[in-house]
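Okay, structure first, notes after.
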Amino acid sequence: MLKDMCIFAAWVHGDPRKVIYPTDSYGQFCGQKDTLNENKTILFYFNILKCASPVVLINLQCPTTQLCVSKCPDRFATYIDVQASYRYKPDQWNYFRQFCKPGFNNPRKVFLKRCFPDFSTKNGVLTVANQTTFKDGRGKTRNVTDLREAANGINNVLDARSVGMKIFEDYAISWYWILIGLFIAMIVSLLFLVLLRFTAGVLFWIFIFGVIGIIGYGRCNLLASGAVSPYCLNLGKEIMIMLCVVEVIIILMLIFLRNRIRIAIALLKEGSRAIGYIMSTLFYPIVTFILIAICISYWAVTAVFLATSGEPVYKVMANQTLCKYANLTCDPETFNTTNVTKLCPGAQCTFAFYGGESLYHKYIFIFQLANAFVFLWLVNFAIALGQCTLAGAFASYYWASRKPADIPLWPLFSSFGRAIRYHTGSLAFGALILAIVQLIRVILEYLDHKLKGTQNSFTRFLLCCLKCCFWCLEKFLKFINRNAYIMIAIYGKNFCTSAKEAFFLLMRNVVRIPVFAQEAPTLNYYWVPLLTVIIGSYLVAHGFFSVYAMCVDTLFLCFCKYYIFFR
């Protein structure tokens, strides 16, 4: 219901073309055929200083009047200067009539079909028309750096399009090398998983003794290094004592948990063997990736529609203080036919801001927040569906008395069908709880960003504590949800019952948990293909080993349940 409301409101009021094409204050596109702007392809901002406002990033619009023109101004002048030249310099007046506005004009150049100040550097000083200061039309002296900040404000939105096109060109040039790198990463990860059944014990003990060796090396290094001051000497002793304590704890754990370590190694080998029987599970992360990509696309499209659903608001500006229509909204196309001009002589219908005053526009931020919440919910549901599907497939392997004869023909597809048909509500409920906590964390981050400049130390301390608590809560819920989905896949019970059983099952085997927890053409940006291969290789390896981790977790819970039944 919430998702449908966001989509309906965004698609009714939004227009994503406003992100790509320049649009004037009347909502008309510059250069659009069969309109008055057909020959006016460039967008001109009345007061570009207002483009430094954060509203530019929220509404993707500059909060100033915008006009479609055929060319940008090439002279510097203010409104006061033009008024003075009305009688004495009619040629100059006729030139500036096409940019007629209260404020100032400055020489500009076209960038992405928009007029931007034509900056230049003179003797190392930033100037516009050889000037470092100017009057903004109200008599206030402004600096050229104010213009640059305003231009940068809207450039942050426009530059993304240019960079995106260059990145797309790089992908078009180097796509085959990227595929080769990803294929090599896939082969290496697959070979490692296959060999893990033979090398799990060796790798486990190498890791354990490697940790002990590193701690011992650090202790010897502290003893060998001479202390340069009493403070360093005392600090070195404290660190050495801590390292000794940690090393003794690890050695004692190895002695007393040796039987459980053998079980852990056996389950690691069994996990590799299970994946060998159900090889299709290695490719299921592709399904999760596609579902998450769909969620991201939905969120991005809806967010753009919501951000572009603003409309220009015009208000009555009257010279008379007693005018009852002052500051009321008006329509510039029909303003001259109303009684306002008669009752308030000299009143004008001028642009106020970009956004809208309807109930929908007033709560646009709430819609964006709801859109973010739905996005988090859907992403968590896609992850939960993958975990439940993999858990069901590996559970069918574990409980098969004769392997591989008793393993179902299509264990992964059967598990996916059961998850969709019977467990959708349980998975959605678990994803909902996690999404609520994540949304609270997003709100806390937003508040922290807004309160960075405040001097209230208690408020910042409280906010820091809340962020820490909800971070811990999110990690705990992810751990509980993961094991709850395993129990759902095995026994088919609801989320709450499965979470309770998984929690108590883990608590009865709490000693075993830490053992399992240690598991050539010229390019615009050379880092694009390299970073893609690195990230892609990581995602491939992460996808394979997330399947392996889910396999080990499922086998571990099955083993715990089996141990309780038959001990």
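Residues in the sequence shown are numbered from 1 upward in steps of one, following the working numbering. Quick reminder that beta carbons are idealized off the backbone N, C-alpha and C, glycines included.
Quick test of the definition: if touching needs 3 or more C-beta pairs under 8 Å, does the stretch 546-555 touch the stretch 387-404? yes
Hey, is the stretch 453-473 in contact with the stretch 407-414, meaning 3+ C-beta pairs nearer than 8 Å? no
Ordered list of beta strand (DSSP E) runs contained in the stretch 242-319, each at least 3 residues: 312-317
Rounded to the nearest angstrom, what separates Gly181 and Val69 at their Cα positions? 49 Å
Considering only residues of the same chain and omitting the five flanking positions on each side of Ser396, which have a CB-CB separation below 8 Å? Ile407, Pro408, Pro411, Ser414, Ser415
Do the stretch 362-379 and the stretch 432-443 meet, that is, are 3 or more Cβ pairs less than 8 Å apart? yes
Taking the straight line between their C-alpha atoms, what separation do you get for Cys558 and Leu369? 40 Å
From Leu444, Pro345, Glu445, residue whose alpha carbon lies closest to that of Val316: Pro345
At the level of alpha carbons, what is the spacing between Leu505 and Ala303? 42 Å
For a test of the three-state rule: what should DSSP assign to Tyr45, helix, strand or coil? strand
Looking only at its own chain, which residues have a Cβ that is under 8 Å from the Cβ of Cys295, when we skip the five neighbours before and after it? Phe375, Leu378, Val379, Ala382
Between which residues of its own chain and Gln335 is the CB-CB distance below 7 Å, once the five residues before and five after are set aside? According to the sequence as given, residue 335 is Phe; it is not Gln. Cys349.
Out of curiosity, what's the CA-to-CA distance linking Phe367 and Leu359? 12 Å
Apart from the five residues just before and just after Asn569, which ones in its own chain have a Cβ nearer than 7 Å to its Cβ? Residue numbering for the chain in the displayed model covers 1 to 567; residue 569 lies beyond these limits and cannot be assessed.
Let me know the secondary structure DSSP gives Leu409 once reduced to three states. coil
For Cys72, name the three-state secondary structure that DSSP assigns. coil
Inter-residue Cα distance where the pair is Cys560 and Asn483: 12 Å
If we count the other Cβ atoms within 10 Å of its Cβ and call it buried at 16 or more, is Leu267 buried or exposed? buried
Quick one: Cα of Lys101 to Cα of Asp448, how far? Because the pLDDT at Lys101 is just 45, under 50, the model does not fix this residue reliably, and the value given afterwards should be weighed accordingly. C-alpha separation (whole angstroms): 40 Å.
Let's see if you can read the secondary structure: which residues bound the alpha helix (DSSP H) around His449? 424-450
Does the beta-carbon distance from Asp24 to Asn37 come in below 9 Å? yes
Does the Cβ of Pro404 have 16 or more other Cβ atoms within 10 Å, making it buried, or fewer, making it exposed? exposed
With distances taken from CA atoms, which of Cys496, Thr64, Tyr45 is nearest Lys71? Tyr45
Between Thr459, Thr424, Ala318, which has its C-alpha nearest Ala347's C-alpha? Ala318
Counted within 10 angstroms of its Cβ, other Cβ atoms place Ser297 as buried (16 or more) or exposed: exposed
Enclosing alpha helix (DSSP H) for Phe365 [first to last residue]: 364-398
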